[in-house]
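Residue numbering for the sequence shown follows the numbering used here, beginning at 228 and increasing consecutively.
Written out below as structure tokens is the structure these notes cover.
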Amino acid sequence: MSALKPFIKFLSDNPPITVVVTLLVILASVLLSRPSTKPALDTKIWKKFKLTDKIVISPNTAIYRFALPKGTVLGLPIGQHVSVSATIGEKLIQRSYTPTTSDDDIGHFDLLIKSYPTGNISKYFGELSVGDYVDVRGPKGQMTYTPDMARSIGMIAGGTGITPMLQIIKAALKNPLDTTQLSLIYANVTSSDILLKKELDALAKEHPLRFKVYYVLNTPPEGWTGGVGFVNSDMIKERLPAPAKDAKILLCGPPPMMTAMKKSLDDLGYEKPNAISKLPDQVFLF
228 MSALKPFIKF LSDNPPITVV VTLLVILASV LLSRPSTKPA LDTKIWKKFK
278 LTDKIVISPN TAIYRFALPK GTVLGLPIGQ HVSVSATIGE KLIQRSYTPT
328 TSDDDIGHFD LLIKSYPTGN ISKYFGELSV GDYVDVRGPK GQMTYTPDMA
378 RSIGMIAGGT GITPMLQIIK AALKNPLDTT QLSLIYANVT SSDILLKKEL
428 DALAKEHPLR FKVYYVLNTP PEGWTGGVGF VNSDMIKERL PAPAKDAKIL
478 LCGPPPMMTA MKKSLDDLGY EKPNAISKLP DQVFLF
């Protein structure tokens, strides 16, 4: 308590305007004293990033960790994604991925990717070794999350479509000034296909009043208590916010699933999504 006496005396001996100005000066000096960082990404130039770790989370899915140059952050607004390119069979192939990390993660960024035997970039990632370099460009995308975007956000994701959702969920929940209500329906085929379940469950447990997650499986194990089959209108109606001007629905997953979800949302009274989603849209498809 004695350590606070000089500060308390300062508050009592000076007018409010002096106190405010002094605190602002202190805050500015603290911010300016932090080490400066610049974005590693470039929207026009392909940058090479070194793979430093490959964290296997299922037989065909891994988190690929790439090093960032010293003194940089990735520079990706929450909700946006990056492009990855590779020459495969003499063709330049590009795909978009959303990192599961943010600019708060120092020194690296992570991409969660499921590899398919017949895939292009996904197969290419599966064959990468630690020490290899990958060409990345960005940011890109129409979504930029802000705390005042909506009172409530509902999310429907399938498979690796969880990545943009998780990025937004983590950003919202770690901000003490953000009061957005978040609800997620996450669909997969089997329980082993559920990606990042431990992290999602931990976030739901830590923030029970702000974030709820509901899992849906096509082929559930015995004793499964979540949803069964395909995501349907009843699940959406029960688990996600009702249509409203201050509510938003985010979608990301396999095209057939997204087509079905758009129809279900239309039947429930949500606005029809545009062919190319824009930030103000009530229903936004990544």
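We put the CB at the ideal spot given by N, CA and C, even for glycine.
Values in this document were obtained by computation on a predicted structure and should not be read as measured data.
Is it the case that the Cβ atoms of Ser379 and Pro435 are separated by a distance below 8 Å?
no
Less than 6 Å between C-beta atoms, sequence neighbours within five positions excluded: which residues of the same chain meet that for Ile290?
Ile282, Asp337, Leu339
From the DSSP output, which residues share a beta bridge with Phe336?
Note: Phe336 sits in a beta bridge opposite Phe293.
Per DSSP, which one or two residues make a beta bridge with Phe352?
Per DSSP, none; premise fails for Phe352.
Going by beta carbon distance, what residues of the same chain come within less than 7 Å of Ile348, once the five residues before and after it are set aside?
Val311, Ala313, Ile320, Arg322
Evaluate Asn501 with the Cβ neighbour count: other Cβ atoms within 10 Å of its Cβ, from every protein chain shown; 16 or more gives buried, anything less gives exposed.
Counting every other CB atom within 10 Å of its CB across the protein chains shown gives Asn501 a total below 16, marking it as exposed.
With a threshold of 8 Å, are at least 3 pairs of Cβ atoms found where one atom belongs to the region 472-489 and the other to the region 425-435?
No: the two stretches stay apart, fewer than three of their Cβ pairs being nearer than 8 Å.
Specify, as a first and last residue, the run of the beta strand (DSSP E) that Gln321 falls within.
Per DSSP, Gln321 belongs to the beta strand (DSSP E) from 318-324.
So, do the region 287-307 and the region 370-388 have three or more beta carbon pairs nearer to each other than 8 Å?
yes
Using beta-carbon positions only, say whether Ile412 and Arg364 come within less than 8 Å of one another.
no
Fully enclosed by the region 389-424, which alpha helix (DSSP H) runs are 4 residues long or longer?
389-400
Taking its Cβ as the centre, do 16 or more other Cβ atoms sit within 10 Å of Asp280, making it buried, or is it exposed?
exposed
Mind checking who His308 pairs with in its DSSP beta bridge?
Here His308 is bridged, per DSSP, to Lys367.
What runs of the beta strand (DSSP E), each 3 residues or longer, lie entirely inside the region 448-510?
474-479
Please report the distance separating the alpha-carbon of Thr288 from that of Ile383.
20 Å
Tell me the DSSP bridge mates of Lys341?
Thr288
Distance, Cα to Cα, Asp331 vs Thr345?
35 Å
What are the partner residues of Pro266, as DSSP defines its beta bridges?
Val300
Can you find a heavy atom of the ligand GDP that lies under 7 Å from the Cβ of Lys425?
Looking for the ligand GDP in the displayed structure turns up nothing, as the structure carries no ligands at all.
What would DSSP say about Leu436, mapped onto helix, strand or coil?
coil
Taking the CB atoms as reference points, tell me whether Ala267 and Pro286 lie closer together than 8 Å.
no
Tell me which residues share the same chain as Thr299 and place their Cβ nearer than 8 Å to its Cβ, disregarding the 5 neighbours each side in the sequence.
Thr264, Lys265, Pro266, Ala267
Quick check: what's the CA-CA separation for Trp451 versus Arg437?
Their backbone Cα atoms lie some 24 Å apart in a straight line.
Using C-beta distances below 7 Å, list every residue in its chain close to Ser460, excluding the 5 sequence neighbours before and after it, in chain order.
Correct list, in chain order: Ser491, Asp494, Leu495.
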